[in-house]
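Peer 1: Mind having a look at this structure? Questions to follow.
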Amino acid sequence: MLYLVVRSDSYDKILTALADVERYAGIKILGKPRVLDPEVADRIVEEVMEEPPKKRYRAAAVAQVDGEPPEVISRISEIHPPAHVIVVTPRHGDVYHGLKRRFPKLGELRGYHSPKTAEESE
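Just so you know, the sequence shown maps onto residues 5 to 126 in my numbering.
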């Protein structure tokens with residue numbers, strides 16, 4: 005299990021980025037994404053990237069996904085989502101375990117719906 009930390013200036017862009025991750029990158033989001041405090045997201049970015057964030061955002065969310073970290077990172081970088089997306093893996097130690105522990109307690113991101121597959125549309 006991996007976590008996607010998504011940061012942007014608006015929750016609309018976060019919702020679009022998550023839909024793009026599923027639709028265009030082919031990465032299934034597990035369950036419902038959760039709202040994350042933007043300051044917490046900034047600290048996560050700083051820990052994972054090992055440098056302070058270049059930009060602070062007003063909105064943040066976290067989603068669970070499955071997959072191999074290099075493949076997930078590659079697929080997301082290919083689609084250029086409209087929000088800043090960081091992949092947090094077990095390799096990130098305390099950051100990963102903190103997200104894992106905190107995730108069930110976070111509020112659900114309103115407005116998120118998994119995109120329909122071609123089979124569901126027919």
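Virtual Cβ for every residue (Gly too), placed ideally from N, Cα, C.
Just confirm the distance between the C-beta atoms of Ile80 and Val9, as a whole number of angstroms; I'd bet it's less than 8 Å.
Peer 2: The residue labelled residue 80 in the question sits at position 76 within the sequence shown. The residue labelled residue 9 in the question sits at position 5 within the sequence shown. So it is not a contact: roughly 12 Å between Cβ atoms.
Peer 1: Taking the C-alpha atoms as reference points, what is the distance between Tyr116 and Lys36?
Peer 2: Your numbering for residue 116 matches position 112 in the sequence shown. Your numbering for residue 36 matches position 32 in the sequence shown. If I take the Cα positions, the gap works out to 7 Å.
Peer 1: Hey, how far is the Cα of Arg114 from the Cα of Arg62?
Peer 2: For the purposes of this step, residue 114 is taken as residue 110 along the sequence shown, with counting starting at 1. For the purposes of this step, residue 62 is taken as residue 58 along the sequence shown, with counting starting at 1. C-alpha separation (whole angstroms): 16 Å.
Peer 1: Tell me whether Leu34 is buried or exposed, calling it buried when 16 or more other Cβ atoms sit within 10 Å of its Cβ.
Peer 2: Here residue 34 refers to the residue found at position 30 of the sequence shown. It counts as exposed.
Peer 1: Taking Cβ to Cβ, would you say Pro86 is nearer than 8 Å to Lys32?
Peer 2: Translated into the one-based positions of the sequence shown, residue 86 becomes position 82. Translated into the one-based positions of the sequence shown, residue 32 becomes position 28. No. Outside cutoff.
Peer 1: Let me know the secondary structure DSSP gives Ser125 once reduced to three states.
Peer 2: Translated into the one-based positions of the sequence shown, residue 125 becomes position 121. With a pLDDT of 46 at Ser125, under the threshold of 50, the modelled position of this residue cannot be trusted; read the value that follows with caution. When secondary structure is reduced to three states using DSSP, Ser125 falls in the helix class.
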